[in-house]
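Below: one structure, written as structure tokens.
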Amino acid sequence: MVAVAWAAIELLAATLVSSLYYLGSRIDALGSRIDAQASSLSARIDSLEASLNARIDTLDARLSSRIDALSARMDTHLERHAG
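In the working numbering, the protein residues as written are 218 to 300.
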């Protein structure tokens with residue numbers, strides 16, 4: 218009877234160890250997938266950043282030229298009325 222109990226305990230222990238090993242390998246695989254997705258996402262964010270910076274630079278140039286044009290018009294108007 219004692220031998221049967223120890224055999225059952227050993228069987229459960231072996232099952233537990235193999236389950237833990239399987240779970241560990243699954244966790245490692247998921248970690249690798251997450252790392253790959255993070256790298257892919259980082260590349261996408263970097264490309265979007267470059268595109269956004271280009272758009273902002275274009276808008277900055279357009280806004281600067283419009284402000285300069287308005288400034289010139291105001292200077293002309295003030296010179297006309299100031300004397």
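The beta carbon of each residue, even a glycine, is placed where N, CA and C say it ideally should be. If you're wondering where the values come from, they're calculated on a predicted model, not measured in any experiment.
DSSP places M291 in the uninterrupted alpha helix (DSSP H) bounded by 219–299.
The alpha-carbon of N270 is positioned some 10 Å away from that of L276. Between L237 and E227, the alpha-carbon positions lie close to 15 Å from each other.
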